[in-house]
Each structure stands twice: as C-alpha cells, then as structure tokens.
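Notes to accompany the following structure.
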Amino acid sequence: MTKSVLIVEDDITFGMMLKTWLTKKGFLVFSASSVANAQKVIAAEKVDLILSDLRLPDRDGIDLLKWLTAKATPVPLIIMTGYADIQSAVQAIKLGAKDYVAKPVNPDELLKKMNEALEPVEVKTTPNQPASSSTGTAKAELAAGYLKGESDAAKQLYRYVELVAPTNMSVLLIGASGTGK
Numbered sequence: 001m002t003k004s005v006l007i008v009e010d011d012i013t014f015g016m017m018l019k020t021w022l023t024k025k026g027f028l029v030f031s032a033s034s035v036a037n038a039q040k041v042i043a044a045e046k047v048d049l050i051l052s053d054l055r056l057p058d059r060d061g062i063d064l065l066k067w068l069t070a071k072a073t074p075v076p077l078i079i080m081t082g083y084a085d086i087q088s089a090v091q092a093i094k095l096g097a098k099d100y101v102a103k104p105v106n107p108d109e110l111l112k113k114m115n116e117a118l119e120p121v122e123v124k125t126t127p128n129q130p131a132s133s134s135t136g137t138a139k140a141e142l143a144a145g146y147l148k149g150e151s152d153a154a155k156q157l158y159r160y161v162e163l164v165a166p167t168n169m170s171v172l173l174i175g176a177s178g179t180g181k
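Numbering of the sequence shown is given in UniProt numbering, commencing with residue 1 and proceeding in unit increments.
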C-alpha cells in the first residue's frame with residue numbers, strides 16, 4: 001500500500017525537490033508551506049508521515065507537533081531544519097517527534113529515518129526467564145562488543161547521542177571519576 005507523506009516546507013525549491021524524489025520512491029506526497037496549510041491537509045487527507053521544517057512563516061514545526069498531540073492525531077513527524085541546535089532537538093523528541101534531521105538532508109538517511117518512523121511499534125513481552133538463561137543473554141551481548149542499557153535514562157541518552165552524532169558539535173560529558181562516561 002502506498003504511504004502518504006506531508007511535506008511542510010516554506011523553501012519552495014527544496015520542497016519541490018523533496019516531493020519529486022519521494023514521488024519517485026513510491027510515496028503519495030502532499031505539500032504545505034505553513035502550519036495553517038498543513039493543518040488543512042491533515043484534516044482533509046489521510047497522512048501517514050509528516051516531514052516538517054522547524055522554522056515556518058506562521059509558526060514552527062514544534063507548534064505543529066503540539067497541535068497533533070492536542071488533537072490526538074497519531075501521525076509520526078520528522079523535524080528538518082537548517083538551524084539545528086540541541087535545545088530544539090531535545091524539545092522536539094520530548095514532544096514526540098520521531099526524528100530530527102539537519103539540512104542539507106542526506107536522501108538515503110532521510111529515507112531510512114522515514115521507513116523507521118512508518119514501521120509499526122512492536123511491544124515486546126517476554127515471560128520471566130530463569131537466571132541461567134539470562135546470563136547466556138548477557139554473554140551474547142558482551143560478545144557483540146558492548147552492553148546497552150535498557151532503562152529509561154539510558155534510552156534517553158542514546159536518543160541524545162543519535163541527535164548529536166551526525167553533527168560537528170562539541171559535547172562535554174561530565175560526571176564523577178569511574179562512572180563510565
């Protein structure tokens with residue numbers, strides 16, 4: 001089934017280029033140049049994914065995200081911006097954005113992020129396992145090269161790392177000696 005994408009972008013040239021490329025990739029593409037126009041499209045059409053610029057003429061992509069949340073509209077949204085900063089990235093992710101992409105956008109990376117955002121969320125439920133089998137899992141994780149934390153705090157840290165990793169931004173890690181920074 002063809003997935004539909006709404007591009008909310010005030011840069012007409014970039015928006016048209018993205019629309020043409022996504023159409024060639026098999027998506028049904030809608031366009032809007034402001035939050036108000038995007039809201040009209042969302043009300044009138046079935047939209048599976050939204051690609052929104054952060055800075056728009058009437059409001060910003062964060063406002064569109066807040067509006068979607070207030071309307072209980074479960075449409076995944078990816079923020080794109082030429083003005084990437086950690087504060088807006090963290091705010092977007094906390095409000096439910098699926099991703100935050102800095103412009104210029106790498107098309108293959110964007111397509112990968114779009115496909116991830118469009119995947120249905122799987123809820124894993126595993127029965128309690130005996131301690132002996134869990135040590136086997138731990139050994140397998142060690143063999144993979146590293147342990148990955150599963151707490152909410154660790155998951156949030158990994159999201160922050162994914163946001164900062166593709167940029168040339170400096171990062172300062174602080175903490176007590178021996179804590180594994």
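Ideal Cβ positions, reconstructed from N, Cα and C, are used throughout, including at glycine.
Exercise. By DSSP, does valine 161 sit in helix, in strand, or in coil?
Worked result: It is helical.
For this session: Find the nearest neighbour of tryptophan 21 within the set Glu150, Leu111, Leu118, Arg55, judged by alpha-carbon distance.
Result: Sorting Glu150, Leu111, Leu118, Arg55 by C-alpha distance to the C-alpha of tryptophan 21 places Leu111 at the top.
For this session: Give the DSSP-derived three-state secondary structure of alanine 153 in the structure shown.
Result: helix
Problem set entry | Best match in Val171, Ala44, Val8 for proximity to isoleucine 62 [C-alpha to C-alpha] | Val8
For this session: May I have the straight-line CA-CA distance separating aspartate 99 from glycine 175, to the nearest angstrom?
Result: 27 Å
Exercise. What residue ranges within the UniProt domain "Response regulatory" (4-118) form continuous alpha helix (DSSP H) runs of no fewer than 4 residues, ordered along the chain?
Worked result: 12-24, 35-44, 61-70, 86-94, 107-118
Problem set entry | Cα-Cα separation, alanine 97 to isoleucine 12 | 23 Å
Exercise. Aspartate 60: buried (16+ other C-beta within 10 angstroms of its C-beta) or exposed?
Worked result: Buried: at least 16 other Cβ atoms inside 10 Å.
Exercise. Alanine 32 to leucine 6, Cα distance in whole Å?
Worked result: 7 Å
For this session: Determine the burial state of serine 52: buried for a count of at least 16 other Cβ atoms within 10 Å of its Cβ, exposed for fewer.
Result: It is buried - the Cβ of serine 52 has at least 16 other Cβ atoms within 10 Å.
For this session: Give every residue of the same chain whose Cβ lies closer than 8 Å to the Cβ of serine 132, excluding the five residues on either side of it in the sequence, and list them in chain order.
Result: With a pLDDT of 45 at serine 132, under the threshold of 50, the modelled position of this residue cannot be trusted; read the value that follows with caution. So the list is empty, once near-sequence residues are dropped.
Exercise. For lysine 66 versus leucine 95, is the C-beta distance shorter than 8 Å?
Worked result: yes
Exercise. When the Cα atoms are used, what is the spatial distance from valine 75 to phenylalanine 27?
Worked result: 15 Å
For this session: Rounded to whole angstroms, what's the CA-CA distance from valine 41 to alanine 117? Just pull it up for me.
Result: 20 Å
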